[in-house]
Amino acid sequence: MNLRIEPCTAADLSRLLAGPVDPMSAAHHRERFALQESGEATYLLAWRGAENVGRATLYHRSKYAAVRAAEINALEATPQGQGIGSALIAAAEAIAARRGHDAVGLAVEPGNPAARRLYERLGYVPWGHGEVIDVWTEPRPGGDVEHRDPCDYLRRALPREDPAPAR
Ligand SMILES: CC(C)(COP(=O)(O)OP(=O)(O)OC[C@H]1O[C@@H](n2cnc3c(N)ncnc32)[C@H](O)[C@@H]1OP(=O)(O)O)[C@@H](O)C(=O)NCCC(=O)NCCS
């Protein structure tokens, strides 16, 4: 079935929260939709028919102070290995290019070589300024837990759009 990738709408959010959803995913959907509403990010969802099969957040500006590029975050595909992750990355890159960015970055944990292999095959290379610390909050029934994960940082230069031909 065809894959459809689009920014999350209010109706999508209601649909996601109405289904069987674990509390962490529900919190993620709400947080990412709020980021989109505030203009900080685009929350991309991948669909096969009515089934949500993936997600990615494109921050319009990196969440790391040292980085200025747009940034892909929290990429996830279910099932894996069917091209959903690659398609989400392509959709995020297209939005970044339309917004005038000349590069997209992303952080990857050293313990995630499969994701890194995919990024490298798609043209992502180390940004050359060392690791970043991914600080994120995990909602838990007994109270939120803050994580500080050292990550490698990769970036890909986006192809420049050709200027309109002169007449
Ligand atoms: C990382 C992740 C998002 C990648 O998404 P994905 O949909 O599995 O990625 P793709 O299918 O586009 O590509 C992954 C692999 O499947 C292969 N593949 C792509 N299209 C395929 C298809 N139609 N059929 C079979 N295999 C395919 C690719 O060649 C690639 O192979 P590789 O392992 O040698 O790199 C996904 O694996 C995931 O959700 N992982 C858990 C969360 C995570 O780690 N997120 C990243 C945080 S940095």
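To convert a position in the sequence shown, counted from 1, into this note's numbering, add 1420.
C-beta atoms are modelled at their ideal positions from N, C-alpha and C, and glycine is treated no differently.
Asked                                                                                                    : Found
Coarse secondary structure for Tyr1484, derived from DSSP in three states                                : coil
Sheet register partners of Gly1562 (DSSP bridge)                                                         : BP columns for Gly1562 are empty, so no partner.
Any non-hydrogen atom of ligand 1 closer than 7 Å to Gly1503 Cβ                                          : yes
Inter-stretch contact at 8 Å, needing at least 3 Cβ pairs: the stretch 1557-1564 / the stretch 1513-1527 : no
Which of helix, strand or coil DSSP assigns to Tyr1443                                                   : Residue 1443 is actually Pro in this sequence, not Tyr. Helix, per DSSP.
Leu1538 CB to nearest heavy atom of ligand 1 below 7 Å                                                   : yes
Heavy atom of ligand 1 within 7 Å of Asn1532 beta-carbon                                                 : yes
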